[in-house]
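Residue numbers 1 to 491, in UniProt numbering, belong to the letters of the sequence shown in order.
Every residue gets a Cβ at the ideal spot worked out from N, C-alpha and C, and that includes glycine.
Step one of this worksheet: look at the structure below.
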Amino acid sequence: MSVVINQLCYELLPQDPSLLLALKSVADVFAHTVHIFKSFIEQSHLAIADSINSFLKNERLKVTETHCHFESLSNSLDEALSKRAAVHRARPTEVADARNALTAVGTCFAHTALDYVAQINIAHAHKDHLILDALWSFAKECNTFFSRGHAFFDEWTAVESGAIADTLSLLESKNKYVKRKMQDRHALVPKEVFLHPTGISPEDDVVMEGYLFKRATNAFKTWHRRWFQIKDNKLIYSHRSDAFETPTVMEADLKLCLVRPAPPNFERTSCFELVTPTRNHLLQADSDTLCSAWMRALQRTIHYLHESDEQTVAEGAVVKFIDDGAPESTSNLHRESLLTELRQIPGNEVCADCGASTPKWASINLGVLLCIECCGIHRSFGVQVSKVRSLVMDTLEPEQRKVLLALGNRAVNSVYLAHIPTSKVVPPRPVSTSSRAMREAWIRAKYVEKRFVRKCSERARKFAVKRAEGFHRRVPGQCSFLFLYVCQPLK
């Protein structure tokens, strides 16, 4: 019972400290009750079962042995009687012998019969005493059980009943408050429901998803509402009615596409075009806000694909240089040496955002080390926020190495988290096991909105700019972002 209550506490009920304390107290009560009950069962077993088993083992064995002896003599008596009846009258010697044998067997049978009856009477007498004694012992154990339970509950009620009553009163007040708040639930519905995006996708590789109208390419130019997703650098769609349908790929490579608003003279509102080398797709969102959100998501994806392509070309040139001038093992040694050196910087032994151990990715413009889950979210915000590289597979430029060696997770977090609250942080800080949605909310608030950065005055901002320029001369590259990008005028 206590195990079930603890499981209910941690899986179904809210993590309210007062509620948890009350449930723990109730769980302890049930655990102690079970302990008293187990003790009662054990003592009752000793009082009843053991004595009865001993009686059955000893007395019954004696009765059984006497019964077997009685049956054996009964058979012998029958044989002596038969032999006596079969002797011829003309043979007096045989008649005398048969009579003597019958007398001896009959005497033994009579004594054995008396022993058998006596053993049965003794067993019955012992049985009556044993049963009454066992029942009386069980009654005393019941008295002890209920006395212990009564004493325990008296003591527990005197100590805990007030706290649990207060918790129940608090929960009842909370229940009434929730009911009152739910009465105004319809006021939360916006005037135009479809103005807002559908929310964060549960799939990690989906950049954005939602409903769009698409115009058919047939002669009638009909419009159909479909569920669209930007996934795996593709634009795909599916019907709403079939959950197991294989999505249709509208564009397999968004890198070759262009996104632009629909012509101003187009008859429908909230429309945009996806221009490809072979055709133009005309799509319509449910509102202008959603239209802008879809265009931004597609543009970010296309921009990311172009950036990745350029990075691949640059890495290919570096690899070719390595192949021509030095063995590949030398490049791997350089990467391992850089990774070891970076992890010796304070804070770099874990991910800068979720705290996962042994990060193998880096943001070369933020100067932090990341795990693979947080790295994907950094990529989704575009290179204008974070430029992510692998410390194991990618080859970094000397300037990029200097940026990473000059900063580190602790130094960057001291700026981006300088004004973080000590408790009730919104959004909550993720851990290594957090979901993608929680990580994305935290990274957006930390780097895009810079919600926890300490705002500085205009004078301090000018001083920071001068420091950044001097630092930029000493360490070429993008390291000066830490002052230019973070310091904002005081509002």
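- Under a 10 Å Cβ-count criterion, Met208 is classified as buried, with 16 or more other Cβ atoms of the shown protein chains found around its own Cβ.
- In this structure, the beta-carbon distance from Ile48 to Ser137 falls below 8 Å.
- Boundaries of the beta strand (DSSP E) around Cys271: Cys271 to Val275.
- DSSP places Phe244 in the coil class of the three-state scheme, outside both helix and strand.
- Inclusion of Leu342 and Tyr447 in the CB contact set at 8 Å is not warranted, their separation being larger than that value.
- By the criterion of a C-beta distance shorter than 6 Å, Ile377 is surrounded in its chain by Arg439, Glu440 and Ile443, once the five residues flanking it on both sides are discounted.
- For Ala362, the three-state secondary structure derived from DSSP is strand.
- Shortest Cα-Cα distance from Met295 to any of Gln400, Val453 and Cys271 involves Cys271.
- Under DSSP, Phe213 takes part in a beta bridge, and its partners are Arg225 and Gln284.
- The distance from the Cβ of Phe220 to that of Leu283 is about 17 Å, inconsistent with a contact at the 8 Å cut-off.
- Only residues of its own chain outside the window of five on either side were considered, and among them Leu73 and Leu77 have a CB closer than 6 Å to the CB of Phe109, listed in chain order.
- The beta carbon of Leu81 is closer than 7 Å to those of Leu102 in its chain, skipping five residues each way along the sequence.
- Judged by their CB atoms, Gly382 and His303 are nearer to each other than the 8 Å cut-off.
- For Glu79, the closest alpha carbon among the candidates Arg99, Gly162 and Asn58 is that of Arg99.
- Secondary structure of Arg60 (DSSP, three-state): helix.
- Per DSSP, Ile236 is one residue of the beta strand (DSSP E) stretching across Lys234 to Ser238.
- When only Cα atoms are considered, Leu404 and Glu397 end up about 11 Å apart.
- According to DSSP, Pro261 shares a beta bridge with Phe272.
- Taking the C-beta atoms as reference points, Ser51 is found nearer than 8 Å to Leu130.
- For Val368, the uninterrupted beta strand (DSSP E) run begins and ends at Val368 to Leu370, by DSSP.
- Out of Ser434, Ser435, Arg429 and Thr433, the CA that lies nearest to the CA of Ala445 is found in Arg429.
- If you keep only unbroken alpha helix (DSSP H) runs of at least 4 residues inside the stretch 43 to 88, you get 50 to 86.
- Shown here, Glu373 sits in a helix according to DSSP, grouped into three states.
- By the CB criterion at 8 Å, Ala22 and Ile236 fall outside the cutoff.
- Val95 sits in a helix when the DSSP states are folded into three classes.
- A direct Cα-to-Cα measurement between Ala285 and Glu273 gives close to 11 Å.
- Counting C-beta pairs with one atom in each stretch, the stretch 389 to 396 and the stretch 352 to 362 have three or more that are closer than 8 Å, which means they touch.
- DSSP places Ile302 within a helical segment (H, G or I) once states are collapsed to three.
- The beta carbons of Val63 and Ala123 sit about 5 Å from each other, so the pair counts as a contact at 8 Å.
- Annotation for Val388: the continuous beta strand (DSSP E) segment containing it runs Val388 to Ser390.
- Asp133 counts as exposed, since fewer than 16 other beta carbons sit within 10 angstroms of its beta carbon.
- A residue is called buried once 16 or more other Cβ atoms fall within 10 Å of its Cβ, and Ala252, having fewer, is exposed.
- With respect to the 8 Å criterion, Leu20 and Leu171 are not classified as neighbours on the basis of their beta carbons.
- Inside the stretch 132 to 156, DSSP marks no whole alpha helix (DSSP H) run of 4 or more residues.
- A check of alpha carbon separations from Thr66 across His35, Arg84, Ala437 and Leu114 identifies Leu114 as the nearest.
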